[in-house]
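Asks: Those letters in the sequence shown? Residues 1 to 123, per the UniProt record's numbering, in order.
Beta carbons: idealized from backbone N, C-alpha and C, even for Gly.
I'd like to ask you about the structure that follows.
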Amino acid sequence: QPPLLFFALLEGPVRWEVVRGYLDRVAEGLAKPLKVFMDNAPFHRSREVEGRKEAWRERGLMVAYLPRYSPHLNPMESVWRRVKGFLMPRRHYGSVEELKEAVAQALKALGGVELKILGEGTY
């Protein structure tokens, strides 16, 4: 089975509340065991997110961090390169909604990776 890419389209800044809420939903709804790899963004490493790791582990969700300064290990770098370079037309988008729709369509169109959308809208 190919790797799964779960994504949510968000508006505004990403904070620990968004990350923790997203991972809570992942822990509730997906087949286990499941391992999630995240980069070292401050909102991924917050006390509040770190404090939930044991509860998630008990529900079959393992959270791990990529080594610092290793974008070559982060599959999202390749995904964004493909989205920005090939799948989204380089043009002005008239609204945030139009841009979000273009990003969603590009992510859905990726070949070689099975995409699943977890949730809709913003959190």
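So what does DSSP say about residue 22, is it helix, strand or coil?
Replies: Within the sequence shown, residue 22 is the residue found at index 22, counting from 1. Of the three classes helix, strand and coil, the one that applies to residue 22 here is helix, per DSSP.
Asks: So, is residue 68 buried or exposed, given that buried needs 16 or more other C-beta atoms within 10 angstroms?
Replies: The residue you call residue 68 lines up with position 68 of the sequence shown. When all chains shown are included, residue 68 counts as exposed.
Asks: Cβ atoms of residue 62 and residue 33: under 8 Å apart, would you say?
Replies: Translated into positions along the sequence shown, residue 33 becomes position 33. Translated into positions along the sequence shown, residue 62 becomes position 62. Closer than 8 Å, so yes.
Asks: Are at least three pairs of beta-carbons, each pair with one atom in the region 11-31 and one in the region 49-64, less than 8 Å apart?
Replies: yes
Asks: Starting from residue 32, follow the alpha helix (DSSP H) in both directions and report where the run begins and ends.
Replies: Against the sequence shown, residue 32 aligns to sequence position 32. That residue, residue 32, is in no alpha helix (DSSP H); it is neither H nor E in DSSP.
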